[in-house]
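So the structure is just underneath, and the comments pick up after that.
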Amino acid sequence: KAGVTQTPRYLIKTRGQQVTLSCSPISGHRSVSWYQQTPGQGLQFLFEYFSETQRNKGNFPGRFSGRQFSNSRSEMNVSTLELGDSALYLCASSLGLTTYEQYFGPGTRLTVT
Amino acid sequence: GIQVEQSPPDLILQEGANSTLRCNFSDSVNNLQWFHQNPWGQLINLFYIPSGTKQNGRLSATTVATERYSLLYISSSQTTDSGVYFCAVDPYTGANSKLTFGKGITLSVRP
Chain Y
8 KAGVTQTPRY LIKTRGQQVT LSCSPISGHR SVSWYQQTPG QGLQFLFEYF
58 SETQRNKGNF PGRFSGRQFS NSRSEMNVST LELGDSALYL CASSLGLTTY
108 EQYFGPGTRL TVT
Chain U
15 GIQVEQSPPD LILQEGANST LRCNFSDSVN NLQWFHQNPW GQLINLFYIP
65 SGTKQNGRLS ATTVATERYS LLYISSSQTT DSGVYFCAVD PYTGANSKLT
115 FGKGITLSVR P
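Quick mapping for you: the protein sequence lines, in order, are chains Y and U.
Every number in this note's numbering is 7 more than the matching position in the first sequence, counting from 1.
Every number in this note's numbering is 14 more than the matching position in the second sequence, counting from 1.
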């Protein structure tokens, strides 16, 4: 079974621009979660989607948003990029119902200049 | 929110040595996972272990939910075991999942 895939793997953007990251979960998984990893803050939860609905949200500004499609693929968007948004963005998928074990993708490394 | 503390923060071993990594958490959990982050950043699942004991080759893990801690044991360490080990927990039950991560333990295994 194929794992979680994320595109693109690397991205360089300029401050003020916006960016969209994509995540395809493991086949059959209906829950997709997003995390941000930075050297200073570590790994932090952004949000979780299940069946196209946001079920949980972390403590991030409204510039961070996401959505999930009917095939469970998910995208996250960051608008008005700031230098501090430079990070590794990780996506995870799980069945989302009776078991919650999460499986992570390889990540998208975003650099904001 | 729930607090997760991992210790020690750094660990240096000689190849072949054994080690124990600890994770303490501040509340009851529905999910506890151990991950190894590879040099490219991907989190590799080691164990899904909200309670009990599991073993996978040279690695084993034990979670004592009533005392709010989990241990990851690495036996006969190899240089390929080097990297950062994370413990992550989710205290919620029901219709959501949100992992809270510890700061990680950096393991260096020397040949």
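We put the CB at the ideal spot given by N, CA and C, even for glycine.
Query - 9 Å Cβ cut-off: residues of chain Y touching U:W48 - result: Taking the second sequence and counting its residues from 1, the one referred to as residue 48 of chain U is at position 34. In chain order: nothing, as chain Y lies at least about 11 Å away.
Requested in this report: Could you name the residues of the stretch 100 to 119 of chain Y whose beta carbon sits closer than 9 Å to any beta carbon of chain U, in the order they occur along the chain?
Outcome: S101, G103, L104, T106, Y107, E108, Q109, Y110, F111, G112, P113, G114 and R116
Requested in this report: Quick one: which unbroken beta strand (DSSP E) runs of 3-plus residues sit fully inside the stretch 42 to 111 of chain Y? Chain order, please.
Outcome: Along the length of the stretch 42 to 111 of chain Y, whole beta strand (DSSP E) runs at least 3 residues long occupy 49 to 57, 60 to 64, 71 to 75, 81 to 85 and 94 to 101, reported in chain order.
Query - Closest Cα partner of U:L35 within the set U:N52, U:V98 and U:Y106 - result: Taking the second sequence and counting its residues from 1, the one referred to as residue 35 of chain U is at position 21. Here the closest residue by C-alpha is U:V98.
Report task. Identify the continuous beta strand (DSSP E) that holds U:I88 and give its terminal residues. Result -> If you number the second sequence from 1, residue 88 of chain U lands on position 74. Run containing U:I88: Y83 to I88, per the beta strand (DSSP E) assignment.
Requested in this report: Answer yes or no: do Y:Q44 and Y:C30 have a C-beta to C-beta separation smaller than 9 Å?
Outcome: Translated into positions along the first sequence, residue 44 of chain Y becomes position 37. Translated into positions along the first sequence, residue 30 of chain Y becomes position 23. In this structure, Y:C30 does not lie closer than 9 Å to Y:Q44 by Cβ.
Query raised in the report: What does Y:L97 touch in chain U if you count any residue whose Cβ is under 7 Å from its own?
Result: The residue given as residue 97 of chain Y occupies position 90 in the first sequence. Chain U residues near Y:L97: L57.
**Report entry** Per-residue contacts from U:N44 into chain Y (C-beta, under 9 Å)
**Finding:** As a first step, residue 44 of chain U is located in the second sequence; it is residue number 30 there, counting from the start. Within chain Y, the residues Y107 have their CB atoms less than 9 Å from the CB of U:N44, given in chain order.
Requested in this report: Indicate whether Y:E82 and U:N45 have their beta-carbon atoms separated by less than 9 Å.
Outcome: Taking the first sequence and counting its residues from 1, one reaches residue 82 of chain Y at position 75. Taking the second sequence and counting its residues from 1, one reaches residue 45 of chain U at position 31. Contact flag unset, no.
Query raised in the report: Since Y:Q25 contacts Y:L88 with CB under 8 Å, what's their CB separation in whole angstroms?
Result: In the first sequence, residue 25 of chain Y corresponds to position 18, counting from 1. In the first sequence, residue 88 of chain Y corresponds to position 81, counting from 1. Contact holds; Cβ gap of about 7 Å.
Query raised in the report: So what's U:T34 in DSSP terms, helix, strand or just coil?
Result: Start at 1 with the first residue of the second sequence, and residue 34 of chain U comes out as number 20. In this structure, U:T34 counts as strand in the three-state DSSP scheme.
Report task. For Y:F52, go through chain U and note every residue whose CB falls closer than 9 Å to its CB, in chain order. Result -> In the first sequence, counting from the first residue as 1, residue 52 of chain Y sits at position 45. Per Cβ cutoff of 9 Å: K112, L113, T114 and F115.
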